[in-house]
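Engineer: Quick one: this structure, given as structure tokens, is what I'll be asking you about.
2 protein chains.
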Amino acid sequence: LDLSKIFNPERIAVVGVSMTNQFHPANIIYNKNFYGYDCETYGVNPKGGELEHRPIYRSVGEIPAKVDLAVVAVKAHQVMDVARDCAAAHVGALVVISGGFAEMGGGGLALQNDLVELCQANSMTLIGPNCFGVYSPPLVDTFFLPPERTVTPRKGDIAVASQSGAFLVDQVMTSFYEAGVGISVAVSMGNKAMVDEECLLQHFIDRTDTRCICFYIEGLDPGVRKFIDSARQVTAQTPIVVYMGGKTERGQAAARSHTAALAGNHDMIAGALRQSGILEAETEREVTSFCKILSFYHHRPLRQCNIAVLSSSGGHGVLASDLASQASLNVAELSADRQQKLRELVEPAIRDIASFGNPIDLTGSATDQDFERSLDYLLAQDDIEAALVLTLPYTPMLTSFVGTRLGQVVKRHDKPVVAYVPNLAKYGMVLEGFELNGIPVVHSIEDGVQMMKALRLLGLYAGGEDPGCPR
Amino acid sequence: LDLSKIFNPERIAVVGVSMTNQFHPANIIYNKNFYGYDCETYGVNPKGGELEHRPIYRSVGEIPAKVDLAVVAVKAHQVMDVARDCAAAHVGALVVISGGFAEMGGGGLALQNDLVELCQANSMTLIGPNCFGVYSPPLVDTFFLPPERTVTPRKGDIAVASQSGAFLVDQVMTSFYEAGVGISVAVSMGNKAMVDEECLLQHFIDRTDTRCICFYIEGLDPGVRKFIDSARQVTAQTPIVVYMGGKTERGQAAARSHTAALAGNHDMIAGALRQSGILEAETEREVTSFCKILSFYHHRPLRQCNIAVLSSSGGHGVLASDLASQASLNVAELSADRQQKLRELVEPAIRDIASFGNPIDLTGSATDQDFERSLDYLLAQDDIEAALVLTLPYTPMLTSFVGTRLGQVVKRHDKPVVAYVPNLAKYGMVLEGFELNGIPVVHSIEDGVQMMKALRLLGLYAGGEDPGCPR
């Protein structure tokens, strides 16, 4: 399937623009692309006429230029007529926003089959129906939501596809924006009558701007099966994160009426994902944590899962130890010898009050330098593969420069480090210091442990020669 | 034990103020109380002299006024001398910030026992040692962190006590601030040589400004045992939320060196908590979710655990159904008859595209009125006990007034409702509309389900006459 017209259209038509309702999905799509994206944008409504002194065409065929992509937001029963018009005008691809197809069963399913047949016969690639479509900056964005009401993550290297548009907009776009995770492209597949997971996977791995792939699926159907099979060839190179909706009976019932998803046994699907080396995120938050750590440390599997926890607070060390244990990570006690070495590295002021056992508690009197020298020592140990640094900017000696200093340590040792900084706007300078220097920041210890878990799973699925991680 | 001098001191002495180090804990405590709290504040240092043109006293006895509370931040080996001086000056209470006691074992434990004996003999109430002490606005705050580096939650009706100071400051103070949860008072107990959970529980239940109590504990010792026993008499009236650190072996090891906590089997402690009707928060996030819902709906147990999920997105409905099922809540399908009634209540524009089965998906074209009329109908059903409303402010018809309208519906039916609003600053007006009208807002569906779980546990532990909740 040729997806180029979907992701790189030069000219789009938006079919269904209302002459009276500025909130109509077609009007929102028309306006956001006309004003905000690089594609040429044409409006279509059978009545024709003018909207805000710009021509509205009676049909796609009437547009005086070759249209690459038609975005269709009309009532279900009108979609076939629009599609025929598009076929006659040699349009390359359709994004059908409209609902009222397979998710309604019966007649809706028949209508969807007719639509697929027509598209296939005319070499039109079809996204949807019953979807948000595609977000491919800076060219095109068919998500029918007013831009001032949404946020868009920065440009980055994660491609995302979702069976649910709302999950994509809310859990992915919003959470990624908040966490500073960048995306290359996003697709809401809806009923995936033609373009499905398998098809998008093949496209994503060919993109030079994409290094990690994320899917939201709602059950198991032939497309998902094929996708999981194909993923096996891919995951050693390009990590894939999957989050499943419809895990419980009630969730499955809701999914059926949502996107006509076929139910599948969750344990069985989870097993298949593991076998293909796909990282299953178990919660929405894990989706963001997994994608964020993978965008910082592309492919850095943990083998033994020995991590160091470096903190300026004993209580945080206790919490981190609990969470790490529950996630099958080792926070192994340091030998007395190593503890003594660490003690000698820190300032005299904290030597007698700090704990060096791992978790290491440098206390609230720790300085940037104490953190820097301790982390440097810890990462130099062969058996320590990664570190979780718990930075509490309310301790008075810590400066906003600490992230910049620790970033240099990490570059020297080339081992993954995650920093915890509490989620307050006023700690923004501390956060920036870390992230600008290559260390991802989390706002809860749990999220940090989830990130380490992602690297542990990478090691586990890669069939590590050194299977040291507790299973 | 008399805790009045701890929570309501008129005059405090801060012992250990440094003449040279402005970041010394004693200096931070001295300055924050001198400038920011109602208590009279005196500085003490054996050298005496002046600091910024204010007198520094050689001893507490030298202060020309009766001191209610002495905050001690000197080296461990100097603490006994200071305590003797305080006893001679008839000080009512000590907060000993200093570490170097039982958490170090051996000599530290002996020193701690001597300190307790001295305090008991002189009727001085002792908080700590090895603690942050007390936050009792607007009178006193002994947390030795610069106020510009921390946040404080609004005044509210939740009392908090923690074995870990850092947990209190970070997980509680910061998270509560972010979530808009208010606290009446907060105590960091440290080694709890004298004032422990049991003792604080008795104080908290007597406070007229407190309607909910939250503890962080790190293992089981006689004080915790007694607290759990006493709680049994209290929880029917005042809900108690407990979060446990040191759940795993590694966490327990860390806790031992942190606050000399005695390890306890987590399952056993969890069982004891349940029997006393205490709500155990399983994650840090649950601490905030539980406390927030309890501060909005003080004591509103769910009996059958039937909840309605009202959304403008199918995908969100699927996620909510999964999460609710996993938390033993029923999102039961509505009868065809009820679905039809709902359909007639909403605007014609969405009648054919919305799903009314529960989760109810009003679609992205839903208006404030569609939400209002649907919620009104749902809460009027006898068997529906609560509702989770998923509000997505990026749908174009929704206004910032929606929370105000739904608040009136909730007041009419007097059933608990939680609203999900994605966590973006620009949705602040939507959030305010809900919370000012009595509906708590969460920023993840998971948090909303956790809140319902808290009400489910209330019903379960109250020995509900109607044990309809799945166990």
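Top line first, the protein sequences correspond to chains A and U.
For the first sequence, the numbering used here begins at 46 and goes up steadily by one.
For the second sequence, the numbering used here begins at 46 and goes up steadily by one.
Cβ coordinates follow ideal geometry from the N, Cα and C atoms, glycine included.
Which of the three DSSP states, helix, strand or coil, is assigned to residue 237 (chain U)?
Structural biologist: Position 192 of the second sequence, counted from the start, is the residue given in the question as residue 237 (chain U). Correct three-state label for residue 237 (chain U): coil.
Engineer: How would you label residue 512 (chain A), buried or exposed, when you count the other beta carbons within 10 angstroms and need 16 or more for buried?
Structural biologist: Residue numbering aside, residue 512 (chain A) sits at position 467 when the first sequence is read from its first letter. The pLDDT assigned to residue 512 (chain A) is 47, lower than 50, so where the model puts this residue is not dependable, and the model offers no usable value.
Engineer: Taking buried to mean at least 16 other C-beta atoms within 10 Å of its own C-beta, is residue 168 (chain A) buried or exposed?
Structural biologist: For the purposes of this step, residue 168 (chain A) is taken as residue 123 along the first sequence, with counting starting at 1. Flag for residue 168 (chain A) reads exposed.
Engineer: My output table needs one value for residue 471 (chain A): the three-state DSSP class, helix, strand or coil.
Structural biologist: Locating residue 471 (chain A) in the first sequence gives position 426, where the first residue counts as 1. It is helical.
Engineer: Where DSSP assigns a beta bridge to residue 325 (chain A), which residues make up the other side?
Structural biologist: Position 280 of the first sequence holds residue 325 (chain A). In the DSSP output, where bridge partners are listed per residue, residue 325 (chain A) has A:287.
Engineer: For residue 349 (chain U) and residue 430 (chain U), what's the separation of their Cα atoms in angstroms?
Structural biologist: Mapped onto the second sequence, residue 349 (chain U) falls at position 304. Mapped onto the second sequence, residue 430 (chain U) falls at position 385. Distance between the alpha carbons of residue 349 (chain U) and residue 430 (chain U): 8 Å.
Engineer: Return the first residue and the last residue of the alpha helix (DSSP H) that residue 164 (chain A) is part of.
Structural biologist: The sequence position of residue 164 (chain A) within the first sequence is 119, counting from 1. Here the alpha helix (DSSP H) through residue 164 (chain A) covers 151-166.
Engineer: Is residue 222 (chain U) closer than 8 Å to residue 261 (chain U) when the C-beta atoms are compared?
Structural biologist: In the second sequence, counting from the first residue as 1, residue 261 (chain U) sits at position 216. In the second sequence, counting from the first residue as 1, residue 222 (chain U) sits at position 177. For residue 261 (chain U) and residue 222 (chain U), no; Cβs fall outside 8 Å.
Engineer: Mind checking whether residue 140 (chain A) and residue 172 (chain A) have CB atoms under 8 Å apart?
Structural biologist: Within the first sequence, numbered from 1, the residue matching residue 140 (chain A) stands at position 95. Within the first sequence, numbered from 1, the residue matching residue 172 (chain A) stands at position 127. Taking 8 Å as the Cβ cut-off, residue 140 (chain A) and residue 172 (chain A) qualify as a contacting pair.
Engineer: Pick out the complete alpha helix (DSSP H) segments inside the segment 411-445 of chain A, 4 residues or longer, and give them in chain order.
Structural biologist: As far as the segment 411-445 of chain A is concerned, its whole alpha helix (DSSP H) runs of at least 4 residues are 413-425.
Engineer: Look up residue 94 (chain U) in the DSSP assignment and give the residues it is bridged to.
Structural biologist: Stepping through the second sequence from its first residue, residue 94 (chain U) is reached at position 49. Residue 94 (chain U) pairs with U:101.
Engineer: Quick check: what's the CA-CA separation for residue 117 (chain U) versus residue 159 (chain U)?
Structural biologist: Numbered from 1 along the second sequence, position 72 holds the residue referred to as residue 117 (chain U). Numbered from 1 along the second sequence, position 114 holds the residue referred to as residue 159 (chain U). When rounded, the distance between both Cα atoms is 16 Å.
Engineer: For residue 428 (chain A), decide whether its Cβ has a neighbour in chain U, counting only Cβ atoms nearer than 8 Å.
Structural biologist: Your numbering for residue 428 (chain A) matches position 383 in the first sequence. So no, residue 428 (chain A) is outside the interface.
Engineer: Which one of A:369, A:145, A:397 has the shortest CA to CA distance from residue 145 (chain U)?
Structural biologist: Translated into the one-based positions of the second sequence, residue 145 (chain U) becomes position 100. Ranking the options by Cα distance to residue 145 (chain U), first place goes to A:397.
Engineer: How far does the beta strand (DSSP E) with residue 57 (chain A) in it reach, from first residue to last?
Structural biologist: By 1-based counting over the first sequence, the position of residue 57 (chain A) is 12. Start and end: 56-60.
Engineer: Among residues of its own chain, excluding the 5 on either side of residue 361 (chain U), which ones have a beta-carbon nearer than 6 Å to its beta-carbon?
Structural biologist: On the second sequence, residue 361 (chain U) is found 316 positions in, with the first residue counted as 1. Once the five neighbours on either side are set aside, the close Cβ partners of residue 361 (chain U) are 435.
Engineer: Taking 8 Å as the CB-CB cut-off, is residue 358 (chain U) touching chain A?
Structural biologist: On the second sequence, position 313 is the one that residue 358 (chain U) refers to. Yes, residue 358 (chain U) counts as interfacial toward chain A.
Engineer: Is residue 160 (chain U) near the ligand MG, going by C-beta to nearest heavy atom under 7 Å?
Structural biologist: The ligand content of the structure shown is nil, which means the ligand MG is not present either.
Engineer: If you draw a straight line from the C-alpha of residue 367 (chain A) to the C-alpha of residue 495 (chain A), how long is it?
Structural biologist: Taking the first residue of the first sequence as position 1, residue 367 (chain A) is located at position 322. Taking the first residue of the first sequence as position 1, residue 495 (chain A) is located at position 450. Cα to Cα, residue 367 (chain A) sits roughly 13 Å from residue 495 (chain A).
Engineer: So what does DSSP say about residue 516 (chain U), is it helix, strand or coil?
Structural biologist: Translated into the one-based positions of the second sequence, residue 516 (chain U) becomes position 471. Confidence at residue 516 (chain U) is low in this model, with a pLDDT of 47, below 50, so its placement is unreliable and the value that follows should be read with caution. Here residue 516 (chain U) sits in coil by DSSP.
Engineer: Looking at the secondary structure, which residues open and close the alpha helix (DSSP H) in which residue 45 (chain A) lies?
Structural biologist: No statement about residue 45 (chain A) is possible, as the shown extent of chain A runs from 46 to 516 and does not include it.
Engineer: Have a look at the DSSP bridge pairing and note the partners of residue 274 (chain U).
Structural biologist: Position 229 of the second sequence, counted from the start, is the residue given in the question as residue 274 (chain U). DSSP output for residue 274 (chain U) lists no bridge partner at all.
Engineer: State yes or no: is the C-beta of residue 486 (chain A) within less than 8 Å of the C-beta of residue 479 (chain A)?
Structural biologist: Position 441 of the first sequence, counted from the first residue, corresponds to residue 486 (chain A). Position 434 of the first sequence, counted from the first residue, corresponds to residue 479 (chain A). Result yes, Cβ atoms of residue 486 (chain A) and residue 479 (chain A) sit closer than 8 Å.
Engineer: Of all the residues that make up the segment 319-345 of chain A, which are near chain U by a beta-carbon distance shorter than 9 Å?
Structural biologist: Here the close residues are 328, 329, 330.
Engineer: By alpha-carbon positions, which one of U:310, U:152, U:474, U:157 ends up nearest to residue 235 (chain U)?
Structural biologist: In the second sequence, residue 235 (chain U) corresponds to position 190, counting from 1. If we check each option's Cα against that of residue 235 (chain U), U:157 comes out closest.
Engineer: Taking 8 Å as the CB-CB cut-off, is residue 436 (chain U) touching chain A?
Structural biologist: As a working mapping, residue 436 (chain U) is identified with position 391 in the second sequence. No, its Cβ sits nowhere closer than 8 Å to a Cβ of chain A.
Engineer: Going by CA-CA distance only, name the one from A:252, A:60, A:68 that's closest to residue 129 (chain A).
Structural biologist: Translated into positions along the first sequence, residue 129 (chain A) becomes position 84. Checked all of A:252, A:60, A:68; the closest Cα to residue 129 (chain A) is A:60.
Engineer: Starting from the Cα of residue 101 (chain U), find the closest Cα among U:112, U:89, U:111 and give me that residue.
Structural biologist: As a working note, residue 101 (chain U) is residue 56 in the second sequence. When each option's Cα is compared against that of residue 101 (chain U), the closest is U:89.
Engineer: Around the Cβ of residue 437 (chain A), are there at least 16 other Cβ atoms within 10 angstroms (buried) or fewer (exposed)?
Structural biologist: Translated into the one-based positions of the first sequence, residue 437 (chain A) becomes position 392. That one is buried.
Engineer: Rounded to whole angstroms, what's the CA-CA distance from residue 206 (chain U) to residue 323 (chain U)? Just pull it up for me.
Structural biologist: Here residue 206 (chain U) corresponds to residue number 161 of the second sequence, with the count starting at 1. Here residue 323 (chain U) corresponds to residue number 278 of the second sequence, with the count starting at 1. Computed Cα separation, rounded: 15 Å.
Engineer: I want to see whether chain A comes within less than 8 Å of residue 242 (chain U), judged by CB atoms only; does it?
Structural biologist: Residue 242 (chain U) sits at position 197 when you count from the first residue of the second sequence. False, the Cβ-Cβ gap to chain A never drops below 8 Å.
Engineer: Taking residue 121 (chain U) as the reference, which of U:148, U:191, U:192 has the closest Cα?
Structural biologist: Here residue 121 (chain U) refers to the residue found at position 76 of the second sequence. Ranking U:148, U:191, U:192 by Cα distance to residue 121 (chain U) puts U:148 first.
Engineer: Run through chain U and tell me which residues come within less than 8 Å of residue 122 (chain A), C-beta to C-beta.
Structural biologist: Against the first sequence, residue 122 (chain A) aligns to sequence position 77. Here the premise fails: no neighbours, minimum Cβ distance about 11 Å.
Engineer: Helix, strand or coil: which one does DSSP assign to residue 80 (chain A)?
Structural biologist: Mapped onto the first sequence, residue 80 (chain A) falls at position 35. Helix, per DSSP.
Engineer: Nearest to residue 296 (chain A) by CA position, among U:176, U:463, U:376, U:500, is which residue?
Structural biologist: Position 251 of the first sequence holds residue 296 (chain A). Measuring from the Cα of residue 296 (chain A), the nearest candidate turns out to be U:376.
Engineer: Any idea if residue 109 (chain U) is buried or exposed, counting beta-carbon neighbours within 10 angstroms, 16 or more meaning buried?
Structural biologist: Locating residue 109 (chain U) in the second sequence gives position 64, counting from the first residue. That one is exposed.
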